[in-house]
Every structure is written in structure tokens, then in C-alpha cells.
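Engineer: All residue numbers for the sequence shown refer to this note's numbering, where the first residue is 275 and numbers rise by one. Quick reminder that beta carbons are idealized off the backbone N, C-alpha and C, glycines included. These numbers were taken from a predicted model, which means no experiment stands behind them.
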Amino acid sequence: MSPDNGVLDKTTARAECDWSISSREQTSHPARRTAAALPPPTGASALAAQASRDSRYDIAERIARESVTPHSQAYSQDKLEKEEKKDKDTGDRKAMEQQIPRRYKPGDVYAPHDLSGNEMAKWKKLRRKPRVGSHGTDVLDSLGVDPRKHYKNFSMMAEYVTEMGRIKHRTETGLRPVNQRRMAKAIRRAIGTGLMPSVYRHPELLRDEMAMRGQLPGQQRPR
275 MSPDNGVLDK
285 TTARAECDWS
295 ISSREQTSHP
305 ARRTAAALPP
315 PTGASALAAQ
325 ASRDSRYDIA
335 ERIARESVTP
345 HSQAYSQDKL
355 EKEEKKDKDT
365 GDRKAMEQQI
375 PRRYKPGDVY
385 APHDLSGNEM
395 AKWKKLRRKP
405 RVGSHGTDVL
415 DSLGVDPRKH
425 YKNFSMMAEY
435 VTEMGRIKHR
445 TETGLRPVNQ
455 RRMAKAIRRA
465 IGTGLMPSVY
475 RHPELLRDEM
485 AMRGQLPGQQ
495 RPR
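1. Is the Cβ-Cβ distance between A482 and N453 less than 8 Å?
2. Under the rule that 16 or more other beta-carbon atoms within 10 Å means buried, what is L417, buried or exposed?
3. Could you give the residue range of the alpha helix (DSSP H) that holds E478?
4. Do three or more CB pairs link the stretch 416-436 to the stretch 459-472 at distances below 8 Å?
5. Quick one: what's got a C-beta closer than 6 Å to D278's C-beta in the same chain, skipping five residues either side?
6. Please report how far the alpha carbon of E357 lies from the alpha carbon of R450, in whole angstroms.
7. Hey, out of F428, P386 and E478, whose CA is closest to T467's CA?
8. Quick check for students: name the residue ranges of the alpha helix (DSSP H) that lie wholly in the stretch 379-458, counting only runs of 4 or more.
9. For M430, which residues of its own chain have a beta-carbon under 8 Å away from its beta-carbon, when the five flanking residues on both sides are left out?
10. Please report how far the alpha carbon of D361 lies from the alpha carbon of K442, in whole angstroms.
11. Quick one: using the 10 Å Cβ neighbour count with 16 as the cut-off for buried, is T447 buried or exposed?
12. Given H476, which residues of its chain have a CB within under 7 Å of its CB, disregarding the five upstream and five downstream residues?
13. In angstroms, rounded to a whole number, what distance separates the CA positions of E478 and R487?
14. Can you give me the C-alpha to C-alpha distance between L480 and S390, rounded to a whole angstrom?
15. Hey, V383 and M438: beta-carbon distance below 8 Å or not?
16. Which residues in the same chain have their Cβ closer than 7 Å to the Cβ of G381, if we skip the five residues on either side of it in sequence?
17. To which residues of the same chain is L354 closer than 6 Å at the C-beta, ignoring the five residues directly before and after it?
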């Protein structure tokens, strides 16, 4: 064997070894084997087949898009609008219930019409009292009374306090700003000295009210 043939055989053997290693690396992973098994299209027939598949996909997509008819679109839009309107009505109803001006008590009889907006507006007007200014009638000015000197008179103080013990606003009492401050000072003084309860009505006032209604034990209700 000549030296040239020996060199050629060694070169050929090394090339075959490198090819076997590279092919093993490429086909070791399933994805690599798939990629190796499906080479990209290069011929004219392969490109034509790929274009045919793309065109069929576009046709199917267009058919699916056109299958949504205008009637179904209008139905979906109408359903969405109804749901939005329902949610809005529910929110408005809850807000109206929280701002209802008339407070019902156990045993009150009412008709469905009493819950309408017109009737509620009437009760809202009744609850509002006219704002009294400096030109209005002030009870303390008419009587010439200084409430700070009558803080022991809890029956008078109770007329200017709510059921929860809060001092009424000037729009409810009808007093001038100066007399309103004096009355508030007298009420705080009566509560501070213990002559007047802060969170409930005076027991003597409650007794008088019960006597007027005939609810005291052993007493008949007046006719």
C-alpha cells in the first residue's frame, strides 16, 4: 500500500467519524430527530404544497369569522346592555334605600305607592325646616331668657337635644347664632354636672310621657 493511500484512508476514516458524531448529536433529542426528519421545503412542489395549506387555513378562518351573523352580534350586544342596565338599577335602588327620608316603625301600614319617588319627595320636604336668620323669630329673644342661667331646667334643655344626646343644629332649633352657642353651653354644663343624661331622656320626662299615654302600672289610659 502506498503512502498516499494510507493518508487518504485516515482522512476518510476521520471524516466518517466526525459525521457519525454530528448525526448522533442531531438525532439524540426527539425534537432534533423531528427537525432532521422534516427538512424545510426547498423544491417548487414543496413550496406549492405549503402555499396550498396556508390558503386553506385562511379560507377556514374567514368562514369562522363570517359564521358570526349580525343577528347573533345584535343579540350579544342587547344582552350586554340589559345586564349593565340591571346593575345600574340595582345600584340606584340601594342608594335610594339608604337615602329614604321616611323611617318606618314596626306596625306602620303603607301602600306600594308610598315607596315611590313622589311620596318620598313629600316626606323629604316635610323633614326640612326653614332656615331661621337674624330676621326670624327666636324663642329665647322673645322670652328674654338666657339659657346659661337655666341649665338646671333639664326639661328645657331636653327640647334642644336629640334622642341620642346630640345638640340639635341651628336649622332645627331656630335660634340665632349667639343664642345657639349659649344653649349649647348650657346643655354641656347640665350634662357635666350630672343633672341631665347624655345618651337618653331624663327619667322624669319619660315618666310624664308614660303618664300621658296611660302606660304607668296601675293607671288607666285616658280616653
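Structural biologist: In terms of the structure at hand:
1. The sequence shown places Asp at residue 482, not Ala. Taking 8 Å as the cut-off, the beta carbon of D482 is found no closer than this to the beta carbon of N453.
2. exposed
3. Per DSSP, E478 belongs to the alpha helix (DSSP H) from P477 to R487.
4. Contact between the stretch 416-436 and the stretch 459-472 is present, because at least three Cβ pairs lie under 8 Å.
5. Since pLDDT at D278 reaches only 45, below the 50 mark, its modelled position is unreliable, and no value is offered.
6. 52 Å
7. Answer by Cα proximity: F428.
8. Those alpha helix (DSSP H) runs which fall completely within the stretch 379-458 and span 4+ residues are 391-401, 413-417, 428-432 and 444-447.
9. The answer, listed in chain order, is P421 and H424.
10. 38 Å
11. By the neighbour-count rule (16 or more Cβ atoms within 10 Å), T447 is buried.
12. F428, A432 and M470
13. 14 Å
14. Taking the Cα positions, L480 is about 36 Å away from S390.
15. no
16. none
17. none
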